[in-house]
Structures are given as C-alpha cells and as structure tokens.
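To start, the structure itself, in structure tokens.
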Amino acid sequence: MKTRINTVSISVTNKCNFYCKHCSVDAGVELCNKLEFKEIIELLKNLKKFYVKKIELTGGEPLLRKDLIKIIKFAKKLNYKTKVLTNGSLLSKNKIISLKKAGLDEIAISLDGADFLKYKKLRPVSREIFFRVLRNIKHASSSGIFIKINTVLIRSNLNSLQKIINFCEKYKIKEMRICYFTKKGRGKNLNEVVDSKIWLKFLKKLKTHNINLYAGFSYANFH
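In this text, residue positions in the sequence shown follow our numbering: the first is 1034, and each later residue adds one.
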C-alpha cells in the first residue's frame, strides 16, 4: 500500500514581528537556523514521493521571508496547492497581488478578537496594527484568493467569538477555524484555558449563515 499524505506544513522561519502570549513555538527573534531556499526546494521535490497535495507555509511569520514568492512559485510548478498562515499585519494590496500572481491558493489569517482590547489579550500590538490587520483581511477577501480566519479561543475572548463570525460573514469569508488553546511554548504561562465541556457547549450556541466553522484540537480534557 502506498503511503499518501494529504497536507504538509513547513515552518519557513521562526522569526516573527509579533510576540504573541500564546505562541506554541515561541516565535519572535529567530532562535534557530531557518531552512535555506535550496533545502525547501529539495523537500518539496521529495514530498512528491508521498503524493502530498497541499503545502502550508507557516512560521513564525512567513511573510518575513524575502524568497516566499519564489517558494510558492516552485511549489505550484510541482502542482501543489499552497497556503500561507499569517498574522495579517504584513499583507497589503500589493503583497496580496504578488501572492496571487505567484499562484497562492489560500491565506489563513489569525484574528483572536473583534475589538482591540480582546485582540491584544493574546497579541500585544498597537491599536494601529490591529486595524491594519482588519483592513488587510478586507483587502484579501476581495482578491479572489480563498481566505480563512483562525481564532484561538481563550477565556478573555469567549464572548466576542460571535462578533468575529459576524465580521467574517460581512466580508464574505467562507471558512473559520476555532482553535482550542493549549499551554505550550510561550503559552505555558498563560492562564486562559477554557474548560473543554464549556468550550463545546459554547460552540453549539454560535449562529452562522454563510461560513463553515471548524474546531481544532491539539489536546483537550473531556473528563
């Protein structure tokens, strides 16, 4: 039987322009040697042996890599579907156009609060950057690239989740992934875990119209 892997995530850098409190990989200042471009190319070639269909480029903040466009273009030559996971702050109209021309299929943008006070509970950035992220989500939603929103659910933003959903639906975003917060990496010191049963009960009350919701778990205690 042939080994088949649908999706592979490649962390192209640990460097990040944010210093999020919940970061499971402790991204920020680059802590280790990143994969060189030629190493990523060889990896993409070798992954064809496992019939991989989709490549996710993550970090850190992958948009900090100057050769990200080249990586995407090469992945598309090998017929991979491509996705970039980003905090959204470095997107712009021109950057989105460049990503689209390179063949990028999907952008996943993190949004953990519908207002600045909720957002900065996890991502301690300025008000200006928060509104820049919102603006970039709006630009991306009209680009033709498939846009997905990722939200880490914690005690502090639990009651603002419906507002995030409403925002997504307003700008015709079709998919949202709600992630269960686990205490890993820098997040091990953040006391914001929502009880698993409360988490699931809350999700059942959410109202949606034109958006697909997905729940993501790395670990949860349901006992």
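Each residue gets a CB set at the ideal place from its N, CA and C atoms; glycine is no exception.
Quick one: is glycine 1249 buried, meaning 16 or more other Cβ sit within 10 Å of its Cβ, or exposed?
Looking at its Cβ environment, which holds fewer than 16 other Cβ atoms inside 10 Å, glycine 1249 is exposed.
Using 10 angstroms around the beta-carbon of histidine 1256, count the other beta-carbons present and answer buried if the total reaches 16, otherwise exposed.
With a pLDDT of only 48 at histidine 1256, under the threshold of 50, the placement of this residue in the model should not be trusted, and no figure is reported.
Classify lysine 1116 as buried or exposed, calling it buried when 16 or more other Cβ atoms lie within 10 Å of its own Cβ.
Buried, because 16 or more other Cβ atoms sit within 10 Å of the Cβ of lysine 1116.
Nearest candidate by alpha-carbon position, reference lysine 1035, set Lys1054, Ser1057, Ala1060 and Val1085
Val1085
Throw me the rounded Cβ distance for the proline 1157 and lysine 1048 pair, which I believe falls under 8 Å.
That pair is no contact at about 17 Å.
Do you know how far the Cα of aspartate 1145 is from the Cα of leucine 1155?
7 Å
For the beta strand (DSSP E) that lysine 1114 lies in, which residues bound it at each end?
That run of the beta strand (DSSP E) goes 1114 to 1119.
Looking only at DSSP bridge pairs, what is glycine 1249 linked to?
Cys1212
Give me the Cα-Cα distance between isoleucine 1038 and lysine 1082, rounded to the nearest whole angstrom.
10 Å
Nearest-angstrom Cα distance between arginine 1160 and phenylalanine 1149?
6 Å
Is the beta carbon of isoleucine 1187 closer than 8 Å to that of methionine 1209?
no
What does the alpha-carbon distance come out to for the pair arginine 1168 and leucine 1191?
23 Å
Given 8 Å, three or more beta-carbon pairs between the segment 1213 to 1224 and the segment 1169 to 1176:
no
Spatial neighbours of cysteine 1201 in its chain, beta-carbon cut-off 7 Å, leaving aside the 5 residues before and after:
Ile1182, Met1209 and Ile1244
Would you mind working out which of Ser1122, Glu1089 and Cys1212 sits nearest isoleucine 1162, comparing C-alpha positions?
Ser1122
Does lysine 1221 have its Cβ less than 8 Å from a Cβ in chain C?
Absent here is chain C; the protein component of the structure consists of one chain.
When you measure from the CB of threonine 1241 to every non-hydrogen atom of the ligand MG, does any distance come out below 7 Å?
The model depicted lacks the ligand MG and carries no ligand whatsoever.
On the DSSP bridge list, what partners appear for phenylalanine 1179?
Glu1139
Helix or strand or just coil, what does DSSP make of lysine 1196?
Lysine 1196 carries a helical assignment under DSSP once its states are collapsed to helix, strand and coil.
Using a Cβ-Cβ cutoff of less than 7 Å, which residues in the same chain neighbour glycine 1136 once the five nearest sequence positions on both sides are dropped?
Here the set comprises Ile1105, Lys1106, Lys1109 and Thr1115.
Over what stretch of residues does the alpha helix (DSSP H) that includes valine 1166 continue unbroken?
1160 to 1174
Candidates Ile1197, Cys1212 and Ile1211, of which the one nearest tyrosine 1205 by Cα:
Note that residue 1205 is lysine in the sequence shown here, rather than tyrosine. The residue among Ile1197, Cys1212 and Ile1211 with its C-alpha nearest the C-alpha of lysine 1205 is Ile1197.
Backbone CA spacing between histidine 1242 and asparagine 1199 [nearest angstrom]
9 Å
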